[in-house]
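Same order as they appear, the protein sequences are chains A and B.
With this note's numbering applied, the first sequence corresponds to residues 10 to 467, in that order.
With this note's numbering applied, the second sequence corresponds to residues 22 to 571, in that order.
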Amino acid sequence: MLLRHTTKEIKERKALTVNPAKTCQPIGAMYAALGIHNCLPHSHGSQGCCAYHRSALTRHYKEPVMAGTSSFTEGASVFGGQANLLQAIDTIFTVYEPDVIAVHTTCLSETIGDDIPQIAKKAETDGKIPKGKYVIHANTPSYVGSHVTGFATMTKAMVDYFAESNGRKIEQINIIPGYVEPSDMEEIKRIVSELGIRSVMFPDTSNVLNRPQTGRFDMFPKGGTTVDALRSTGSSKATLALGRLASGPAARALDAKCKVACEILDPPIGLAATDAFVDTLRRMGGVSVPESINTERGRLLDIITDMHQYFYGKKVGLVGDPDQLISLTEFLVSIDMWPIYVVTGTPGKKFESKIKEITRDVPHEVKVASGGDMFLFHQWLKNEPVDLMMGNTYLKYISRDENIPLVRFGFPILDRVGHSYFPTVGYRGGMRLLEKILDALLDKTDRESPEESFELVL
Amino acid sequence: MAASKTDPAPGIESVDPGELKAELVAKYPTKVGRKRAKQIVINSVDECGEVPEIGANARTIPGIITQRGCSYAGCKGVVLGPTRDIVNLTHGPIGCGFYSWLTRRNQTRPDGPGDANFMTYCFSTDLQDEDIVFGGEKKLRQAIREIYENFRPKAIGIFATCPVGLIGDDVHAVAREMKEELGINIFGFSCEGYKGVSQSAGHHIANNALFTHVVGLDDTASEGKFKINLLGEYNIGGDAFEIERIMDEAGITVVSTFSGNSTYDKFANSHTADLNTVMCHRSINYVAEMMEKKYGIPWIKVNFIGAASTAKTLRKIANYFEDEELIERVEKLIAEEMVEVEKVRREVESRCAGKLAMLFVGGSRAHHYQDLFAEIGMKTVAAGYEFAHRDDYEGRAVLPEIKVDADSRNIEELAVEPDPERFNPRKSEEALSRLKAKGFRFKDYDGMMAEMASGTLIIDDISQFETEKLIEKYKPAIFCAGIKEKYAIQKKGIPMKQLHSYDSGGPYAGFKGAINFWREIDRMVNSKVWGYLKAPWQESPELTATYGWE
Ligand code: SF4
Ligand code: SF4
């Protein structure tokens, strides 16, 4: 057994996290910052955090992930990191020449209390920030929230630093996609433009973290939201934010700063959430929904109709991030699956009540944990197994020990490709999810059914 | 390779390393450039094997996109990570523990289903706001109790992360207290990420704590006639398994490996071995030195990377024991293993010879893996370490010259004395002089540079910018580094082999490992994919009227 020490008996833990279902803020901030065009994320702290964040993102995307670090030594951690950040800004603008340096803090610089705006100001006075270039920042202490919080904070920083309203509204809608894959961002843009709506999306990691092999490496690839586009978000007609945790703060900041009205929806994962997304877009943009979108929706429905018998009553265990889990749970419930264990490591009481509400008609007890971990999740499974698990790659250890099929979903996925190319949002994304779920369930059936009931046609 | 030490490596004549160095340095702000210049050296090996001085183990300049990680990574991730039955508890916010969870590909093979294995688990105190403000010791104590209640391990290691050092939590005091309370061995590591300048500091910290708290706890005489420890071998991709296989066949007992496929009990008993063999000099030489002082176990440098190196290492170990039977057995084993090795080597050589390699990684592999490339005729034109010290480049002879700077000074050097009861010199003075007269060398590490051709480039702590420039100039057939470098290099159309985690596959150590590695390099440098980078219409964009409609 790979997880041989996980017992059925659950003992209360107050201080110990085992097999976390979240990670730390800066990685989310780094990911978000990669969604700005010509931007180098910068980790203000010891170089280990930066190395870890880059490695984790690289393993998940199989793409270059560039970022700078303030390389704190013991001295810096005693006297503060001002000298380090000043040096870093100089080095980065001289050597790597980005348009934007997006600084996030780490636990260390947060504990020290470094004042990033003040240091950036000093860099400016010292002439270390070339004209037309920017240093932006987000405070991302990991002893608060999770990687999702970091993503949200850096996304909000884009508003704080760049959004401006010139008094006139322009015919465009802001889309804040949330902490989703580059493929999802691409798909969201496609749906928006299919509806004939002009939009600005930020951050936008498509063509950054799913770029093609061309025989060339560009430090700053084609993708990412440009500074000009970010500026224009203050003049947009409205903002559609996807994911309360990941996108809510930026959307509200934009409203407060530039009076851009916002709607915050759950990420468009599955039927109902995508319906809400398309319907909101339609109303915001004052457009009607084209037939092509109806067709996509109809196809998703068709799979549900045709394969309903394989979903019905199947118990599912989910581990992931709150925003996605809310939509995903709703989707599974809507096709009559029973998500009975839902775990996120990200703290937040609202999550639990929301999941309870979504699953209230599931004819089975539903266990929910925010601030939970995969050890607890596994213990639940030991007490009552499920038919399917969905979550990140770490679940494969449980999957193998307990012989429960796994659909990889969320972050990080370290052992398969696809997530950066094929979306799980929108109707097409829903179809892909169903395909994956069916493959996982039916492969197990095919592998394990007795010979006499092994079937050709399912 | 050794024969042509003073000749320039062929294939690099088109690049003037001096010019290239100047170009690299010029890109940086002046002061930064001056510092980088010390760490970029054009190799020259004179007749006596003297090499130029290189700057190493120095701070990375902020803003440089570096390969390096932190002391915590070197301590918890590298040295302690591969031990299966110690619960490694990260004391800090969640990230540090999360990222070092199962990401290094070190394998372990528990002795049956009842044997402890915590490597698949990640333990963290997941510090929160209030802990940072009011201190995290209380939470740490409670977490240790909960580990004990849930897992009943033999031992628990506590690893301090950056903020922990700053808020003043004393992991050692808590360790002592909890050891008392629970009656199991508990020890702390002050491996906060800001210590030192790279992972290297963490290796040293790990060595110190293992030596202080575990080594020597179990005096049971280990079995076997020829007993060694294997130090600095982390069982990435199963390397230690292959070495264990070879040792078994040679009749040599590996008492303990630091730390691939290791257990707490084996560490505790490791002082009963009669020889320490050091693979990764950088990460583990401290334990070797301290065990020699305290227990009288001599150490030698070995290398199981490369078939010839493996053979050489086996002979060296056999010679140390001065046992005719062992020497014979080793010769026989080498002869047997070399049959298949030679077959594959020839085959791969025919497709790879003359191609260029670059290795920028770690603290020993950038050196060791050159042997594997050399055996298939590939030339290393540039190399460097991520976190090594000058002795790893220039050889241990340079040790007395190395200045201890502020960053190294705060890593504790343990004062070790001979153990009053257990100090036992494994070789008599007479035996030592006999061995030395035969050319046998102890504590022998001559470093990377002496084995590289003159005119090659040695770059310490290479940056992303320098990496790109090097590739553009030399267009190597393969580049070896780590995961962060991998895809930027491959996007340039150059295959990139990870030498930390090996990407996938392994083992690459020993005889079977050499075969695996050569097949892998053959696959990579000769992959068809590199021929597809241009679509047909990009190769010949001109239009013809053949399919035009009237
Ligand atoms: S110190 Fe904080 S920011 Fe750095 S890796 Fe650990 S949790 Fe993340
Ligand atoms: S916080 Fe410190 S210990 Fe943790 S990853 Fe960052 S540098 Fe390393």
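Note that the Cβ used here is the ideal one computed from N, Cα and C, for glycine as well.
Next item on the list: Following the continuous alpha helix (DSSP H) through Y406/A, name the residue where it begins and the one where it ends.
Entry: 404 to 411
Next item on the list: Report yes or no: do the region 146 to 163 of chain B and the region 278 to 290 of chain B share at least 3 C-beta pairs separated by less than 8 Å?
Entry: no
Next item on the list: Name, in chain order, the residues that DSSP records as bridge partners for M379/B.
Entry: A403/B, F500/B
Margin query: Is there a C-beta anywhere in chain B that falls below 9 Å from the one on N47/A?
Written below: no
Checklist line | Interface positions of the region 84 to 97 of chain B facing chain A (Cβ-Cβ less than 8 Å), listed along the chain | finding: G84, I85, I86, T87, Q88, R89, G90, C91, S92, Y93, A94
Item checked: Any beta strand (DSSP E) of 3 or more consecutive residues that is wholly inside the region 457 to 485 of chain B -> 478 to 480
Checklist line | Listed by chain order, chain A residues near L148/B by CB distance under 9 Å | finding: Near L148/B (Cβ distances below 9 Å), the residues of chain A are C116, S151, Y152.
Item checked: Extent of the continuous beta strand (DSSP E) to which M399/A belongs -> 397 to 400
Check: For E541/B, does the count of other Cβ atoms within 10 angstroms reach 16, so buried, or fall short, so exposed?
Finding: buried
Margin query: Need the endpoints of the alpha helix (DSSP H) that P441/B sits in, please.
Written below: Careful: P441/B lies outside any alpha helix (DSSP H) and carries neither H nor E.
Notebook entry, point to check: When the Cα of Q88/B is compared with those of A502/B, D543/B, P516/B, which residue comes out closest?
Noted result: A502/B
Next item on the list: Could you please give the first and the last residue of the uninterrupted alpha helix (DSSP H) stretch that includes G58/A?
Entry: Position check: residue 58/A holds Cys in this sequence, whereas Gly was assumed. C58/A: member of the alpha helix (DSSP H) spanning 56 to 70, first to last residue.
Margin query: Cβ closer than 8 Å: which chain B residues qualify as neighbours of K71/A?
Written below: Y508
Note to self: Distance check for Y350/A and F386/A, CA to CA, integer angstroms please.
What the structure shows: 7 Å
Check: In angstroms, rounded to a whole number, what distance separates the CA positions of M359/B and K246/B?
Finding: One C-alpha to the other measures close to 25 Å.
Next item on the list: Note down, in chain order, each residue of its chain lying with its Cβ closer than 7 Å to the Cβ of I206/A, except the 5 sequence neighbours on either side.
Entry: I182, L290, G294, V296
Notebook entry, point to check: Are the beta-carbon atoms of I543/B and C301/B separated by less than 9 Å?
Noted result: Per the sequence shown, residue 543/B should be read as Asp rather than Ile. Contact flag unset, no.
Check: What does a CB cutoff of less than 8 Å around D440/B pick up in its chain, not counting 5 residues either side in sequence?
Finding: G237, K315, Y316
Checklist line | Status (buried if at least 16 other CB within 10 Å, exposed otherwise) for G384/B | finding: buried
Notebook entry, point to check: How about P432/A and S192/A: do their beta carbons lie closer than 9 Å?
Noted result: yes
Check: Hey, how far is the Cα of Y390/B from the Cα of F408/B?
Finding: 16 Å
Notebook entry, point to check: Looking at C-alpha atoms only, which residue of Q559/B, Y529/B, P557/B is the closest neighbour of I257/B?
Noted result: Y529/B
Check: Should I63/B be listed as close to ligand 1, given that the test is whether its C-beta is under 8 Å from any heavy atom?
Finding: no
Note to self: According to DSSP, A247/A sits in a beta bridge with which residue or residues?
What the structure shows: I182/A, A270/A
Note to self: Tell me which residue opens and which closes the beta strand (DSSP E) that I349/A is part of.
What the structure shows: 347 to 353
Next item on the list: Could you check how far apart the C-beta atoms of F340/A and I278/A are, in whole angstroms? I think they sit under 8 Å.
Entry: Sure, about 6 Å apart at Cβ, within 8 Å.
Check: Nearest-angstrom Cα distance between M22/B and R462/B?
Finding: The predicted model places M22/B with a pLDDT of 37, which falls under 50 and marks its position as unreliable; any figure quoted below should be read in that light. Spanning the two alpha carbons is a distance of roughly 21 Å.
Notebook entry, point to check: How about C116/A: is its Cβ closer than 8 Å to a heavy atom in ligand 1?
Noted result: yes
Margin query: Please return the same chain residues whose Cβ sits closer than 7 Å to the Cβ of I536/B, not counting the five positions on each side in sequence.
Written below: E361, V362, V365
Margin query: Let's see if you can read the secondary structure: which residues bound the beta strand (DSSP E) around N297/B?
Written below: Taken as a continuous stretch (DSSP letters only), the beta strand (DSSP E) holding N297/B covers 296 to 299.
Margin query: For E422/B, tell me which candidate among F538/B, I63/B, G76/B, C91/B has the shortest Cα-Cα distance.
Written below: Considering only alpha carbons, the answer is G76/B.
Check: Per DSSP, what kind of secondary structure is S25/B in: helix, strand or coil?
Finding: Since pLDDT at S25/B reaches only 41, below the 50 mark, its modelled position is unreliable, and the value read off the structure follows with that caveat. Of the three classes helix, strand and coil, the one that applies to S25/B here is helix, per DSSP.
Check: If we count the other Cβ atoms within 10 Å of its Cβ and call it buried at 16 or more, is W389/A buried or exposed?
Finding: buried
Check: Regarding T182/B and ligand 1, is the C-beta to nearest heavy atom distance less than 8 Å?
Finding: yes
Item checked: Buried or exposed by the 16-neighbour rule on C-beta atoms within 10 Å, applied to L554/B -> exposed
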